[in-house]
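Numbering (our numbering), first residue to last: 13 to 307.
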Ligand SMILES: [Zn+2]
């Protein structure tokens, strides 16, 4: 009797569309080409898919990674971006910018190529040459302009300098990834056509300012990302003491995205399914070429 009743409830729910399908997600920033994933990359991708992460954006961080990012994106039906990350500018050769320009021009017709990135400025890590970073950043904004591609930005203590570049060399928007600035800076990025990327950093209860920001911003401004293998959410994080006692730092993977999304859904008091749909639409708006493979 019980079974019959449940069955009819289930049927009724399904017929009026109440049976929500499992939410599907886009991880807008995942370094699947990182050496940490080399031993088991296909299993990592499969695990993410099983968790509902339908699509990944893989931003290369140096020219030497371009081929790997592209072939991974092709192999799994994902997307990629090509760029020179500010933390990789010390070891970049001067002609890497020319090589990057050639690759972008060759691959401009590839529907899996969705942006120039990861590029940007990092004024947090000591010892980086600000002038060199800025030169690489501006040259890559020029490439994005020439090829009419959005950019994926690394922002760390550098929002104002990034704005200066974007105002002088406007690009077709993109994503400010792992955003952790002020509400005012967030609004300035939005005004320049950018979405703001949020990930595992939200999962830390102490991240009050970041949590406030993720709650205060209009939902249309947000995209989700893991930045895997970096930025482990709190459930993977090992303290210095735990590491000293022999527990390795947990490796972040794209399969963590739904649980990170749940944190954001709870903070904003919205259903997970609605968050999935809205952040997907936002990602497609920020990176329009995602439509070719993520839809
Ligand atoms: Zn990154």
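C-beta: ideal position from N, C-alpha, C; glycine also.
Residues bridged to residue i by DSSP?
i: residue 299; result: Residue 299 pairs with nothing; no bridge assigned.
i: residue 91; result: 69
i: residue 326; result: No answer is possible for residue 326: it lies beyond the span of the chain, which begins at 13 and ends at 307.
i: residue 133; result: 167
i: residue 37; result: 65
i: residue 125; result: 92
Using CA coordinates, which residue listed in the options is at the minimum distance from residue i?
i: residue 223; options: 268, 190, 109, 202; result: 190
i: residue 133; options: 112, 114, 120, 100; result: 100
i: residue 77; options: 174, 129, 158; result: 129
i: residue 106; options: 75, 162, 120; result: 75
i: residue 292; options: 260, 34, 38; result: 38
i: residue 68; options: 50, 79, 43; result: 43
i: residue 163; options: 286, 304, 297, 307; result: 297
i: residue 193; options: 208, 203, 185; result: 208
i: residue 155; options: 117, 289, 215; result: 117
i: residue 180; options: 152, 265, 196; result: 152
i: residue 125; options: 70, 140, 206, 198; result: 70
i: residue 240; options: 230, 262, 252; result: 262
i: residue 35; options: 227, 64, 268, 54; result: 64
i: residue 158; options: 166, 66, 112, 246; result: 112
i: residue 197; options: 168, 94, 98; result: 168
i: residue 294; options: 233, 285, 259; result: 233
i: residue 87; options: 45, 252, 188, 307; result: 45
i: residue 60; options: 213, 120, 270, 95; result: 270
i: residue 226; options: 203, 278, 254; result: 278
i: residue 260; options: 57, 250, 244; result: 250
i: residue 172; options: 184, 121, 200, 187; result: 200
i: residue 170; options: 213, 149, 285; result: 149
i: residue 115; options: 54, 301, 93; result: 93
i: residue 103; options: 58, 139, 185; result: 139
i: residue 144; options: 96, 165, 243; result: 96
i: residue 108; options: 141, 83, 147, 136; result: 147
i: residue 248; options: 265, 237, 236; result: 265
i: residue 41; options: 242, 202, 33; result: 242
i: residue 54; options: 267, 182, 288; result: 267
i: residue 229; options: 257, 160, 280; result: 280
i: residue 299; options: 286, 284, 90; result: 90
Cβ of residue i within 7 angstroms of any heavy atom in ligand 1?
i: residue 77; result: no
i: residue 232; result: no
i: residue 130; result: yes
i: residue 348; result: This structure cannot speak to residue 348, because the chain is shown only from 13 to 307.
i: residue 67; result: no
i: residue 166; result: yes
i: residue 239; result: yes
i: residue 71; result: yes
i: residue 189; result: yes
i: residue 124; result: no
i: residue 246; result: no
Q | Segments assigned beta strand (DSSP E), at least 3 residues, entirely inside the stretch 45 to 72 | A | Counting only runs of 3 or more, we get 65 to 71.
Q) Curious, which full-length alpha helix (DSSP H) runs of at least 4 residues does the stretch 162 to 219 contain? A) Those alpha helix (DSSP H) runs which fall completely within the stretch 162 to 219 and span 4+ residues are 171 to 180, 195 to 203.
Q: Enumerate, from N- to C-terminal direction, the unbroken beta strand (DSSP E) stretches of 3 or more residues contained entirely within the stretch 217 to 291.
A: Complete beta strand (DSSP E) runs here, min 3: 234 to 236.
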